[in-house]
Amino acid sequence: MTFINSIIAVIKKFYDEWNIHGFVLLSLSLQAILILFAPFRKRTGNKKVIFLLWIAYLLADWAAGFAVGLISNSQKYSGKPDDHADLMVFWAPFLLLHLGGPDTITAFALEDNALWLRHLVGLVSQVSTSLIVFNQSLPRNKLWIPTLLLFVAGTIKYCERTRALFLASLNRFRASILKPPYSGPNYGKLMEIHNLNEVAKVPIQIEIIPTTTIKQSEKQRYGIHEEDLDELTVVKYAYVFFEIFKGLVVDLNSSPEERRMSREFIHHRNSKDAFKVLAVELNFMYDVLYTKVVVVHSKFGHFVRFISWGAVVAAFLTFYLLDKNGFHKIDVGITYTLLFGAISLDTIAFFMLAFSDWTSASIQNSSRDSICTARIKKLLCFLLKCCLKRKNCWKEGNILFRRWSESLHGYNLIDYCLEERPKEKPTCTLFDHIRLGLIRVNEKLGLKDLYDWMMIRMKYVSKKSMKEELWKFIFDQLQMKSHLAEDLDNTKRICSARGEWVLLHSGWNDYNPTFMSYVVDVDYDQSLIIWHIATHFCYNNDTATDIKGDERNLREFCKILSEYMLYLLVMEPDMMSTVGGIGQIRFHDTCAEAKEFFTRKNTELKKLRKEFFKRKNKELEKLRDDERKRACQMILDVNTNNVRPAELKGDKSKSVLFDACILAKELQKLDGEKRWKLMSEVWVELLSYAANRCKASAHAAQLSKGGELITFVWLLMAHFGMRDLYYTKEAPSTKLIVGK
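Under the UniProt record's numbering, the first residue of the sequence shown carries the number 1, and numbering increases by one thereafter.
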């Protein structure tokens, strides 16, 4: 026992001597990690990377705040004042700098912005604590000048973060976008004039002024006649349209004139350029909501940042010129590390801002025409062009140059059910005992749902690169419909379609009314799961060997979109909360029926499963395909002609497995290319319907997780004017004409 006590005493002594040093350096390290790696979360959907950044984000505030408390406590209970205590006081303002956080991240999630008031309280608390510590060190403190300089810089940084959170909070963000109230023409005054002129028998009439067409100058501003866009031009127009559409985040609509401009612009673009513009627009939205860019990127922000940086440099020079006799060498080394770290972080932030999209947009949209400004503009444009140049907007392997994750997740119901069906004979391996033990522990702790979600994500969620051909297909479909969305009624009809518009306008409903019943007579989530399973059945039972290019592409589009939409429904329920309905219940009931069916038919599938252990790894994929195809065929072999599944099941079970079987059988009656054309167009409507009705805050939240295709579709529909939820008719102007 004495030995243990001695070990504890040694550990306690070591902690008491080095705790402040350790936490100060930890705080600096976390700041470096965040400023360098925080931008990665908008470029990757990797949950491990996002989780590690989340840990760093939480630890950064905790470590800095805890270190301030340790310094305050050391001053309170220290004995005779010495130089070591003065250095501890000098370190306190560094922690204010750290609490201000890097420019690349202020909020980890959208909800963090709503907590700006808590950060304001933290600002007052931490600044007060630092002031108390500084005051206790006077008048003996010979480091009071650099300490005061750093205190100014730290307070500025902390205020920047608090203000950035305040401006990005949704209520404040909405208030900043709202235009001043406009009461319109003075109706009462005009009517008085009208009545007086009528009494005086003076000719008078009210003339309606038609909506003006787009002026040539506005066409040039919005790039309506531009051809292919280079990277700088993309950023220029993306910023213009970001200013128009940023209100979408808080459910505010653009003006009819702005909507008309965006439609003209996007109609004159090809799908590739349109995608580039949308990607940069979403990057602007990310920066506004999750970084300090709104606070820093202004004249006042530049001025304040210069003062902050100058104060840190002045503190460094003051400390460098100071006589350091009496200071511990380790303490001096840590102090220099903190000073170099602060200057380096500010320098990195400066270069990130200087070569950002914001600087590029600001320079290109500047109206100053002086010779000096023109030369600076030309030089910066050249440098920015070199920095922003990208080889391919679809397959940019380097995460440093991506604008989003450039990938789509997928989830396949049949694959999940085949893997998760009960085993014929339970095994008793060590791994199985450990797995069952973890499941029981999670059930006791109430974490079973989280455990299941993590296991499903690791085992069954796939990831594929975004294909240019898929985006072009989606773009062409929406562009074609936007030409028909010229008035409110057509816009509402097109935007509310989730498959029926394609069936009606392409003549498919006349060919087979069964298709319409599975988009109109069922809920959206039910329709999505039915079409997902039917797509999988058709895909795995397509035996054609000479599939042409277009048909092959359409077939792949159907598979990718069906798995992507089911992924959103099951794994990202927040994205689909407004359209998902009881999708989770329906999904689990369908899985339960599929697992039960495969278990009952296990004899046939078992033969294929046994072959897994006899073949080499390169042959396993073919065996899985064979098992998948055989499983789909077994379901399709079930006779569904006599009794409808709903009549047999009633309302208790929400499974749609055999409803999908019926739909798949009807789809298989079509020729290959016609079948895949119909299904791909239905999937685009299901995607656009969900994109239009998904909460704007859910789209904004995904920007910090690598982005989603559905968010691009949401913004593209806004550009095309296909926003029926907030569509308003454009009222013509009027004027009163009094005759002589």
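Every residue gets a Cβ at the ideal spot worked out from N, C-alpha and C, and that includes glycine.
Since the model is a prediction, treat every value here as computed from it, not as a measurement.
- Cβ atoms of Ser254 and Ile244 come within 8 angstroms of each other, at about 5 angstroms.
- Ser697: member of the alpha helix (DSSP H) spanning 696-702, first to last residue.
- The criterion of a C-beta distance shorter than 8 angstroms is satisfied by Ala60 and Leu30.
- Per DSSP, Ser465 is one residue of the beta strand (DSSP E) stretching across 461-465.
- By the criterion of a C-beta distance shorter than 6 angstroms, Phe712 is surrounded in its chain by Leu278, once the five residues flanking it on both sides are discounted.
- Secondary-structure assignment with DSSP links Gln205 through a beta bridge to Ile737.
- If you compare the alpha carbons of Thr147, Asn171, Glu708, Thr233 with that of Asp574, the shortest gap goes to Glu708.
- The beta-carbon separation of Leu110 and Leu289, rounded to 6 angstroms, stays under the 8 angstroms limit for a contact.
- Arg402 has its alpha-carbon roughly 21 angstroms from the corresponding atom of Tyr564.
- Contiguous alpha helix (DSSP H) elements confined to the segment 479-554 occur at 488-495, 500-505, 508-511, 514-520, 524-540, taking only those with 4 or more residues.
- Its Cα nearest to that of Arg161, the residue His119 stands out among Ser183, His119, Gln668.
- Annotated as proximal: Val235 and Val280, with beta-carbon spacing under 8 angstroms.
- The beta carbon of Ile348 is closer than 8 angstroms to those of Ile35, Leu36 in its chain, skipping five residues each way along the sequence.
- Take the alpha-carbon of Asp86 and the one of Asp331: they are about 11 angstroms apart.
- Distance between Glu593 and Arg174, taken at the CA atoms: about 47 angstroms.
- In this structure, Phe537 is the residue among Phe537, Gly101, Ile177 with its C-alpha nearest to the C-alpha of Gln668.
- Counting along the chain, His119 sits inside the alpha helix (DSSP H) bounded by residues 116-137.
- Between Tyr411 and Val570, the gap from beta carbon to beta carbon is short of 8 angstroms.
- Remark: fewer than three beta-carbon pairs, one from each stretch, lie closer than 8 angstroms, so the segment 634-650 and the segment 466-473 are not flagged as touching.
- Between Gly45 and Gly706 a beta carbon distance of about 3 angstroms is seen, short of the 8 angstroms cut, so the two are scored as contacting.
- Secondary structure within the segment 641-727: the alpha helix (DSSP H) runs of 4 or more consecutive residues, fully enclosed, are 645-649, 657-667, 672-693, 696-702, 709-719 (chain order).
- Taking all protein chains in view, the Cβ of Ile7 is surrounded by fewer than 16 other Cβ atoms within 10 Å, so the residue is classified as exposed.
- Excluding sequence positions up to five before and after Ala315, its CB lies within less than 6 angstroms of the CB of Pro146, Leu149, Leu150, all in the same chain and listed in chain order.
- By the 16-neighbour rule on beta-carbons within 10 angstroms, Thr2 is exposed.
- Judged by pairs of C-beta atoms under 8 angstroms, the segment 547-566 touches the segment 683-691, as three or more such pairs exist.
- Excluding five sequence positions before and after Gly341, the CB atoms of its chain that fall closer than 6 angstroms to its own CB belong to Leu28, given in chain order.
- In the DSSP assignment, Leu408 falls within the beta strand (DSSP E) that extends over 407-411.
- With a 10 Å radius around the Cβ and a threshold of 16 neighbouring Cβ atoms, Trp18 comes out exposed.
- Under a 10 Å Cβ-count criterion, Ile11 is classified as exposed, with fewer than 16 other Cβ atoms of the shown protein chains found around its own Cβ.
- Remark: C-beta atoms of Lys481 and Met722 approach each other more closely than 8 angstroms.
- In the DSSP assignment, Gly583 falls within the alpha helix (DSSP H) that extends over 583-600.
- The Cβ-Cβ distance between Arg628 and Asp415 falls below 8 angstroms.
- Residue burial is scored here from C-beta neighbours: Ile737 has fewer than 16 other C-beta atoms within 10 angstroms and is therefore classed as exposed.
- Look at Glu572 here: in three-state DSSP terms it is coil, with no helix or strand label.
- Scanning its chain for C-beta atoms nearer than 8 angstroms, with the 5 sequence neighbours on each side dropped, one finds around Trp144 the residues Phe134, Ser137, Leu138, in chain order.
- In this structure, DSSP gives Lys292 a state outside helix and strand, which the three-state scheme calls coil.
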